[in-house]
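Chemist: First the structure, which I've put down as C-alpha cells, then a few questions once you've had a look.
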Amino acid sequence: MEASKVIHAIYTDDDVLMSAVKTVKAEKHHIEEIYTPFPVHGLDKAMGLAPTRIAITSFMYGCVGLTVAIVMMNFIMIKDWPQDIGGKPSFSYLENMPAFVPIMFELTVFFAAHLMVITFYLRSRMWPFKKAENPDPRTTDDHFLMEIAIHNNESELTSLLQETGAVEINIVDKDEDAH
Amino acid sequence: MEYKISNRLRMGAIIMIVLGALGVAYGFMDSHKYETVKDVETLLKSEAHHGGGHAEEAHGESHSEPASHVEEGHGDEAHAEEGHKMSHEEHVLHQIHNRPYSALYVAAFFFFMIALGVLAFYAIQYASQAGWSPVLFRVMEGITSYVLPGGLIVLTIAFFADSHLFVWLKEGITEVGHENYDKLVANKSSWLNKTGFFIRGAIFLGGWSLYRYFSRKFSIAQDSADDNRNFKKNFRISAAFLVFYIYTESMMSWDWIMSVDPHWFSTLFGWYVFASMFVSGITVIAMVTIYLKSKGLLEFVNDSHIHDLAKFMFAISIFWTYLWFSQFMLIWYADIPEEVTYFVTRIEHYKLPFFGMLAMNFIFPLLLLMNSDYKRINWFVIMAGIVILCGHYLDVFNWIMPGTVVERWYIGIPEISSILLFGGLFLLFVFTALGKAPLLAKRNPFMKESEHFHY
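Order-wise, the sequence lines are chains A and B.
Note that my numbering numbers the first sequence so that position 34 is 34, with each residue one more than the last.
Note that my numbering numbers the second sequence so that position 151 is 1151, with each residue one more than the last.
Shown next, in the form of C-alpha cells:
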C-alpha cells in the first residue's frame, strides 16, 4: 500500500469550519475525518455522511428490555415464588400487570440507553486501552481539525484550505499501523 | 400575508352548527320521551325482550346478584347519594335525562380545553422567550380566541344542567334527615355549592380572558412598534399568567370535572387534565398550521416547525400517559373502596372507551410519531393528530359520562351533534380571528431566529 499522505487543516471556529466543509465538498474533495471539541450541529449533513442508524438499534434494544422485564417479572412474581400483590392474590400475570409497568418502563430505558452507548463506542472503534486516534490534542480543547487525503494535489489543496480560513495547515505522513 | 376565512369554510362551519343544534334538540326531545318510571319499565322490558346489549346485562346483574350491586353502588354517585330508596327504573330514568346534558357538556369542554391548552402553550413561548415558535404566534392567537366564548358556553351548560351533571346540586343533599342527604357531600359543601362554583368560574375565565386580551393587544401593537416595549410587557404578563393558570386550571378541573363524582378525589387530577388539554392544543396548532400552509399561506413556516410541533405531540402524549398511569396504578394498588370504585365503574361499563382511549392517546402517537422523518410529513402529522384528538374526546367522555349516565352511554346522535355544534363554533371563531391580523407577527424580536429555524 502506498504511504498515504494527509493534510491537516486546523480551524478555531465552528462557523468557519462549517463553511470550509461546504467549500471543500463543493470542490469534490473527500474529507476523511473531522475532529472537534464538541458536537457541531449539522456537520454530518455538510460532510455528506450517511444518516445514523443508532436510533433503530436503540428501538430494538428497548424492545429487548421490555421483553426481559415481562419475562423476568413473570418468572419472579408469578411462577417461581407466587406473590400476593397489593392484597390481590390472583397469581395471574395479566391481572397483576399494572404493578410491573414501572419495571417494564425502567428496563426498556435501561437497555435502550446502555446498549446504545456501547454500540456507539464499538461502532466508533473505541474500547478500553485503545490508543487515541486523535492527531492533535488541541482538538480536545478549542481547535477543529479537518483531515483530507492527498492524491498528488498537495499545492491545490493547501491553497484551497488557506482560502477557507484555516489557521494552520500541516502535511502529515499517516502511519497506517496506528490503528 | 393576510388570510380571510373562505366562504366554503364559513358555510361548512355554519352547516355543522345548524346540524349540531338540530341533533342536540332531538337528543333532548328524545330523552323526554321517558317521563315516568312506567315508561322506563316498558323500555327495559322491551330491551330485555330483544336481548338488547348492555342494558339487559346491567339489569340482570343488579337484580340477581345483590352482593355486587351493593359494592358497585359505592362508586355510583346516583346510588350512594340516594341510598337504596330509589328503584332501578328511577335510576335509569335519571340517566336517560342526564345524557343529552352530558353529551353537550363533554363536547363543549373538549373544544374549550383545546383553546385553553393553546393559551398555556402560547404563554410558555413568551415566558421562555422561545426562538423557534414566533412564526406560529398568530395561529395560536387565532385558536385562543375561543377561550372566552368556549368557557362561557361550558359555564352556561353547567348552570342549566344543574343536578343533571352535578349530583351535589341535588335538592336536600346537605340537609340532615332529607331523603337525598349525603354526609360526604355535605362536608364538602363549603366548596361545592352553586354560588361558589360560578364565582370561581368567573374568576378563572376572567383571568384567562384578560391575559388573552392583553397578550393579543401587545402582540398586534408590536407589529408597528419601533422598540420592544410591547414584547417585554407580553413577557411579563405571560409569566404572571402561567402562575395564575397553574392554580386556576387545577381548581377548574376539580370544579368542572372531578365534582361530577363528588365522593372521589385524586390529587394529581389537575395535572392530568392539563396534560390532556396541552396535547390537544398543540395538535390543533399543528393541524391549523398545516391547513394554512396547504392554502399557500405561512410560507415562512418550514418543515422544522412542523417537526417541533410533532415532537411536542409525541412527548406530551407520553406525559399524559405517565400521569394517567400514575393516577391509575396507585389507586389500583391501594384498592381502597372509595377510590377504586371510580375505575371499577369505568372498567365494567366503559371498557371500549376506557381502553380504546389508552390505545389512541398512547400506543398510536408512540408508534406513529417515534420516527424522526414521519414528524416532517404533513399528512402523517394530520392523521396522527386526528387519532389524538378523538382519543382526548374519549378522555373527556370518560371523565363525565360514568358519573352521570353510568351504563346507559352510547356515542349516538346527542354526542355527535354536540361535537358538530361546538366544532363548528370553534372553527368559525378560530378562522375568523385568524383573518383579523397579518399571519406574521413581523416585529417580534425573535422573528428572524424563528424564520431561520432549522433542525
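Don't be surprised by glycine CBs; every beta carbon is placed ideally from N, CA and C.
Following the continuous alpha helix (DSSP H) through alanine 55 of chain A, name the residue where it begins and the one where it ends.
Modeler: 54-73
Chemist: Just checking: is the beta-carbon of alanine 1334 of chain B within a distance shorter than 9 Å of some beta-carbon in chain A?
Modeler: yes
Chemist: State the DSSP-derived secondary structure class of valine 6 of chain A, mapped to helix, strand or coil.
Modeler: strand
Chemist: May I ask which residues mark the beginning and end of the beta strand (DSSP E) holding phenylalanine 180 of chain A?
Modeler: The requested residue 180 of chain A does not occur in the structure, where chain A is confined to residues 1 to 179.
Chemist: Going along the chain, which residues of its own chain have a beta-carbon closer than 8 Å to the beta-carbon of serine 92 of chain A, five neighbours each way excluded?
Modeler: Ile78
Chemist: In this structure, how does DSSP classify tyrosine 1322 of chain B when only helix, strand and coil are distinguished?
Modeler: helix
Chemist: For proline 98 of chain A, return the contacting residues in chain B, with the cut-off set at a CB-CB distance below 9 Å.
Modeler: Under the 9 Å cutoff, chain B gives Phe1325, Phe1328, Met1329, Trp1332 and Tyr1333.
Chemist: Can you give me the Cβ contacts of alanine 1433 of chain B inside the same chain, cut-off strictly under 6 Å, excluding the 5 residues immediately before and after it?
Modeler: Gly1142 and Ser1145
Chemist: Hey, is the segment 97-104 of chain A in contact with the segment 1328-1339 of chain B, meaning 3+ C-beta pairs nearer than 8 Å?
Modeler: yes
Chemist: Using a threshold of 9 Å, state whether the C-beta atoms of serine 1276 of chain B and histidine 1392 of chain B are closer than that.
Modeler: Yes; because the gap between Cβ atoms is below 9 Å, this pair is in contact.
Chemist: Is it buried or exposed for tryptophan 127 of chain A, if we count other Cβ within 10 angstroms and need 16 for buried?
Modeler: exposed
Chemist: Report all residues from its chain with a CB closer than 7 Å to the CB of alanine 1013 of chain B; omit the five preceding and five following residues, and keep chain order.
Modeler: These residues qualify, in order along the chain: Gly1424, Leu1427 and Leu1428.
Chemist: Based on DSSP bridge pairs, tell me the residues matched to asparagine 170 of chain A.
Modeler: A/His8
Chemist: Step through the CB atoms of chain A and report whether any lies within less than 9 Å of the CB of serine 1372 of chain B.
Modeler: yes
Chemist: Between which two residues does the alpha helix (DSSP H) carrying tyrosine 1291 of chain B extend?
Modeler: 1269-1294
Chemist: For the segment 1183-1211 of chain B, which segments carrying the beta strand (DSSP E) assignment without a break, of at least 3 residues, lie completely within its bounds, in sequence order?
Modeler: none
Chemist: Within a Cβ cutoff of 8 Å, which residues of the same chain sit near leucine 1093 of chain B, ignoring the five residues on either side of it in sequence?
Modeler: Tyr1034, Thr1036, Val1037, Asp1039 and Val1040
Chemist: Using the C-alpha atoms, what's the distance from phenylalanine 110 of chain A back to valine 64 of chain A?
Modeler: 10 Å
Chemist: Examine chain B for any beta-carbon lying closer than 9 Å to the beta-carbon of phenylalanine 91 of chain A, and answer yes or no.
Modeler: no
Chemist: In the DSSP output, which residue or residues are listed as bridge partners for tyrosine 35 of chain A?
Modeler: A/Leu145
Chemist: Looking only at its own chain, which residues have a Cβ that is under 7 Å from the Cβ of proline 51 of chain A, when we skip the five neighbours before and after it?
Modeler: none
Chemist: Assuming glutamate 32 of chain A contacts glutamate 133 of chain A (C-beta within less than 8 Å), just tell me the rounded distance between them.
Modeler: Actually they are not in contact, since the Cβ atoms of glutamate 32 of chain A and glutamate 133 of chain A sit about 11 Å apart, beyond 8 Å.
Chemist: Output, in chain order, the set of chain B residues within a Cβ distance shorter than 8 Å of valine 101 of chain A.
Modeler: Phe1325 and Met1329
Chemist: What are the start and end residues of the alpha helix (DSSP H) that includes histidine 1349 of chain B?
Modeler: 1337-1349
Chemist: Do we get a CB-CB distance below 9 Å when we pair alanine 55 of chain A with the residues of chain B?
Modeler: yes
Chemist: For chain B, check one thing: does any of its Cβ atoms lie closer than 9 Å to the Cβ of glycine 165 of chain A?
Modeler: no
Chemist: For glycine 86 of chain A, which residues in chain B fall below 8 Å Cβ to Cβ?
Modeler: Trp1332, Tyr1333, Ala1334 and Asp1335
Chemist: Quick one: using the 10 Å Cβ neighbour count with 16 as the cut-off for buried, is proline 137 of chain A buried or exposed?
Modeler: Per the 10 Å Cβ criterion, exposed.
Chemist: State the Cα-Cα distance for the pair histidine 1088 of chain B and leucine 1192 of chain B, rounded to the nearest angstrom.
Modeler: 27 Å
Chemist: Following the continuous alpha helix (DSSP H) through methionine 1140 of chain B, name the residue where it begins and the one where it ends.
Modeler: 1137-1144
Chemist: Find out if the Cβ-Cβ distance for the pair proline 1439 of chain B, leucine 1210 of chain B is shorter than 9 Å.
Modeler: The sequence as given places leucine at residue 1439 of chain B; proline does not occur at that position. No.
Chemist: Taking the straight line between their C-alpha atoms, what separation do you get for tyrosine 1003 of chain B and tryptophan 1379 of chain B?
Modeler: 22 Å
Chemist: Report the rounded CA-to-CA distance for threonine 1345 of chain B versus asparagine 1361 of chain B, giving the unit in angstroms.
Modeler: Counting only the Cα atoms, asparagine 1361 of chain B lies some 21 Å from threonine 1345 of chain B.
Chemist: Would histidine 1059 of chain B pass as an interface residue toward chain A - the criterion being a Cβ-Cβ separation below 9 Å?
Modeler: Residue placement at histidine 1059 of chain B cannot be trusted, given a pLDDT of 42 that sits under 50; the coordinates are not used to answer.
Chemist: Whether or not the segment 1388-1404 of chain B and the segment 1255-1270 of chain B are in contact is what I'm after, with contact meaning three or more pairs of Cβ atoms, one per stretch, closer than 8 Å; do they touch?
Modeler: At 8 Å Cβ cutoff, the stretches touch.
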